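Asks: The following block contains the structure, expressed as structure tokens.
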Amino acid sequence: MRVAVNPEIRLVLFDDVLHNLLFLRKVLKNLGFSGVDEAASGRKAIELAQQNTYDLIFMDCQMPEIDGFEAATMIREREEKIGDIKIIAVTADAIANTARRSFF
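Counting in my numbering, the sequence shown runs from 317 upward without gaps.
So this is what it looks like as structure tokens:
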């Protein structure tokens with residue numbers, strides 16, 4: 317399957333599990349995205365979102381220090397300053413409550 321990709325789209329991956337980062341990076345690279353930023357904590361997620369302009373964030377729900385839910389909330393609170401960012405929840409958790417909370 318061929319997918320049209322805009323190389324100008326800025327992406328960032330936030331996940332504390334190295335294998336997940338490697339998998340997501342490979343999938344995005346195969347789709348044609350390059351220069352994807354990444355970090356392994358919610359605190360770093362907030363920091364990078366404030367310092368850079370991203371079009372799309374892949375956010376792990378459970379990370380150390382600040383989890384993905386809290387990080388997404390803090391990023392959303394700053395949207396007026398940093399712009400509208402799409403956030404996609406990433407989790408290996410199969411609990412229904414996690415799925416409901418994932419609509420950041």
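Every residue, glycine too, gets a C-beta built ideally from N, C-alpha and C. Bear in mind that the values here come from a model prediction, so they are computed numbers and not experimental data.
By the three-class DSSP mapping on this structure, what secondary structure does M375 have?
Replies: Indexing the sequence shown from 1 puts residue 375 at position 59. Correct three-state label for M375: strand.
Asks: From A408 to C377, what distance separates their C-alpha atoms?
Replies: For the purposes of this step, residue 408 is taken as the residue at position 92 of the sequence shown. For the purposes of this step, residue 377 is taken as the residue at position 61 of the sequence shown. Rounded to the nearest angstrom, the two C-alpha atoms are 9 Å apart.
Asks: V333 by DSSP, collapsed to three states: which one?
Replies: To locate residue 333, count along the sequence shown from 1; it is residue 17. Looking at V333 - three-state DSSP - the assignment turns out to be coil, as it is neither helix nor strand.
Asks: Does DSSP put A405 in a helix, in a strand, or in coil?
Replies: Translated into positions along the sequence shown, residue 405 becomes position 89. It is a strand residue.
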